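In the UniProt record's numbering, the protein residues as written are 1 to 758.
The following block contains the structure:
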């Protein structure tokens with residue numbers, strides 16, 4: 001029941017399950033006998049939805065049951081509109097819907113107070129409303145915030161269509177504002193089309209339902225752009241007239257703007273920048289959707305310049321709250337899922353738009369890179385780093401990347417996907433396309449590449465979704481790679497059975513295994529990024545990751561055909577050829593081997609450090625009787641149990657790994673020191689390669705360089721913690737341990753806190 005339907009003449013509530021969903025009121029009841037009742041209610045709810053029997057509350061406060069009605073109404077006075085009292089059987093769905101109760105923006109059945117809509121612009125008033133330049137600037141800036149709020153996942157009718165002007169744009173008295181409003185609606189329609197076409201969004205990402213509201217579908221694209229161009233020409237001519245010394249504007253539309261004396265040029269330039277920004281943003285989205293990245297890059301660059309002007313002149317806009325009515329579409333809200341309305345402030349919206357344009361520019365750049373370099377490993381590296389950025393790419397940029405990534409089974413619309421897969425397999429096998437002369441090998445390669453195209457496209461699609469959906473989708477994708485590995489092993493056996501095997505055989509199964517290991521590592525790492533692991537799980541998770549990197553290192557060493565000693569490994573990491581045998585390695589294999597080895601050492605150091613902390617009681621498992629370590633271990637890594645390879649670690653391996661060897665702190669420091677040296681070598685080699693490459697290749701390595709720098713910071717921070725722990729053992733102060741992920745998105749730092757005394 002809602003509080004609005006209760007009056008003091010009603011009979012008292014007789015149900016046994018009365019409780020309050022959210023209580024944040026600060027007022028106290030005046031009647032002293034009910035202070036204990038209110039205090040117990042606050043303690044019972046504590047800001048969460050937990051049932052508390054009314055009879056129990058009264059009994060605990062020593063209040064007679066027959067006086068419950070008076071207590072109920074004393075408590076009722078403390079509740080504010082939006083808070084809820086419910087009877088027994090308050091389900092999770094009802095709890096989610098509680099946000100709608102008595103909220104005029106959400107509850108369409110509630111009488112709206114007259115004051116809530118007082119002074120708001122109505123559609124019938126728009127014919128006679130005169131908008132000044134400051135009004136138009138304020139409306140356009142607030143519309144930008146609403147548009148970015150919609151792209152962030154809110155409903156269209158709760159964001160963009162809270163602007164009254166959008167409901168009847170052709171009734172606006174200002175032709176300048178009319179052109180902008182129509183262009184805004186066409187941009188919204190274009191965004192809907194691109195996101196729907198790519199289909200990499202979920203309900204939490206994007207709401208494409210228009211609820212029957214018009215997006216000016218009857219207006220052609222060229223008509224909307226023509227309106228912007230006409231407004232742009234009018235403003236440009238007026239600016240030119242003022243710069244020539246003319247003190248009055250001839251155009252009647254400009255006279256309606258009521259420009260402030262002395263600031264005429266500032267206001268006109270601010271309006272011009274906003275109109276041009278809307279034009280170039282529309283062009284950029286349209287051109288990226290059409291896979292014309294060359295033109296899109298130019299439009300994005302122009303939009304960035306105008307956005308800077310918009311940011312600098314944001315203070316010229318006036319308060320235009322009368323043009324925005326959050327209740328105008330509230331009758332549509334009942335059809336939507338219960339969700340709070342989060343509208344971005346103008347500053348946040350501008351920052352989000354800058355980030356979005358930067359991500360769109362990166363899509364254009366990587367397409368230009370692939371004009372000369374189109375190896376599969378580089379593509380996976382880019383989309384992996386792209387989807388994991390902070391702040392992350394929104395649903396529009398992810399959709400545009402999907403549109404440009406694979407089209408008609410061609411990578412970037414130009415390179416057949418089967419050819420790209422073939423080159424990746426040959427590169428990992430130490431072969432070149434020219435060496436593929438045997439007919440049997442050609443037939444096997446052709447067959448396998450067709451089979452692998454499906455899982456590869458599925459993986460590309462998966463990287464277009466948000467990170468939480470990637471984590472869930474990896475389980476399904478791994479099953480496809482498991483089936484592909486069976487096919488690859490059969491092809492390997494057929495090649496070995498047909499005559500004498502070549503000196504450098506093509507190993508299809510090893511290529512699949514390498515990709516599968518990358519996905520398994522990503523699956524475990526995403527758990528860190530989404531903060532899924534508790535402190536007592538750190539050792540088992542670190543052990544699993546260290547094991548996966550160890551398996552991958554052995555695979556790459558076997559593929560390279562080189563038995564690498566520590567001295568040779570150091571030489572290769574520094575870019576110096578260790579021996580003539582390493583010359584035939586492809587650069588992707590060499591870089592992958594160096595990176596995998598460095599990360600294996602990093603996680604080995606973290607594992608040893610975690611074991612020390614667990615031994616000292618910092619990362620202890622829960623001590624309640626219901627906890628079972630083996631059940632927890634098997635559940636956490638159940639995705640590994642269904643795979644034939646790699647061989648999954650067992651709980652017994654975890655128990656054996658918990659045993660400390662002599663000098664664990666020294667071993668942890670040694671592993672971290674070695675990992676840091678290897679990351680330094682990789683960073684130096686990458687920076688050296690950037691100096692000798694063009695601008696586009698430097699852009700490709702930008703995310704990789706940032707990741708290497710973050711990994712080095714992780715090594716340094718954990719080394720400091722180990723040394724600090726060693727020092728603290730000599731004293732009496734025992735630190736507390738927290739998991740710090742500020743240095744890297746998904747690699748932890750064990751931070752030691754000694755309190756104020758340290």
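The C-beta atom is built at its ideal place from N, Cα and C for all residues, glycine as well. Owing to the predicted nature of the structure, the values given are computational and were not obtained by experimental measurement.
- In terms of Cα proximity to residue 712, the closest of 743, 358 and 722 is 743.
- Only residues of its own chain outside the window of five on either side were considered, and among them 420, 421 and 424 have a CB closer than 7 Å to the CB of residue 376, listed in chain order.
- Setting aside the 5 residues that flank it on each side, residue 662 has no residue in the same chain whose C-beta is closer than 7 Å to its C-beta.
- Here the region 540-549 lies against the region 596-608, with 3 or more beta-carbon pairs under 8 Å apart.
- Within the DSSP secondary-structure output, residue 407 pairs in a beta bridge with 410.
- Residue environment for residue 203: exposed (fewer than 16 other C-beta atoms within 10 angstroms of its C-beta).
- Contact between residue 291 and residue 464 does not hold, since their C-beta atoms are separated by about 15 Å, which reaches or exceeds 8 Å.
- Between the alpha carbons of residue 746 and residue 78 lies a distance of about 44 Å.
- Residue 353 sits buried, since 16 or more C-beta atoms from the chains shown fall within 10 Å of its C-beta.
- For residue 736, the uninterrupted beta strand (DSSP E) segment begins and ends at 736-740.
- Within the DSSP bridge table, the entry for residue 382 names no partner.
- Taking a 10 Å sphere around the C-beta of residue 199, we find fewer than 16 other C-beta atoms and assign the residue as exposed.
- Residue 471 places its beta carbon 8 Å or farther from that of residue 543.
- Taking C-beta atoms as the reference points, residue 748 and residue 528 count as a pair closer than 8 Å.
- If you look at residue 477, you'll find it in the alpha helix (DSSP H) that goes 467-497.
- For residue 751, the secondary structure class from DSSP, reduced to helix, strand or coil, is strand.
- Sequence-distant partners of residue 517 (beyond 5 residues in either direction) whose C-beta falls short of 8 Å from its own C-beta, in its chain, are 548, 551, 552, 555 and 646.
- Its Cα nearest to that of residue 208, the residue 193 stands out among 193, 462 and 221.
- Residue 326 carries a coil assignment under DSSP once its states are collapsed to helix, strand and coil.
- Restricting attention to 169, 451, 403 and 719, the CA atom closest to the CA of residue 418 is found in 451.
- For residue 217, no alpha helix (DSSP H) segment is defined, and its DSSP state is neither H nor E.
- Listed in chain order, the beta strand (DSSP E) elements of length 3 or more contained wholly in the region 153-201 amount to none.
- The alpha-carbon of residue 223 is positioned some 14 Å away from that of residue 215.
- Put simply, of 317, 146, 307 and 328 the residue whose alpha carbon is nearest the alpha carbon of residue 168 is 328.
- The C-beta distance from residue 364 to residue 293 rounds to 4 Å, short enough to fall under 8 Å.
- In this structure, residue 319 keeps its C-beta atom at 8 Å or more from the C-beta atom of residue 145.
- By the Cβ rule, the region 269-285 counts as touching the region 301-310, because three or more pairs are nearer than 8 Å.
- Residue 705 and residue 121 have their C-alpha atoms roughly 52 Å apart.
- A direct Cα-Cα distance of roughly 32 Å separates residue 426 from residue 361.
- For residue 415, the secondary structure class from DSSP, reduced to helix, strand or coil, is strand.
- In this chain, the alpha helix (DSSP H) harbouring residue 252 covers 252-255.
- Spatial neighbours of residue 444 in its own chain (CB-CB distance under 8 Å, excluding positions within 5 residues in sequence) are listed in chain order as 491, 494, 495, 506 and 508.
- Note that the C-beta distance between residue 648 and residue 612 is not below 8 Å.
- For the 8 Å CB-CB criterion, residue 285 and residue 191 form a contact.
- Spanning the alpha carbons of residue 155 and residue 282 requires a straight line of approximately 21 Å.
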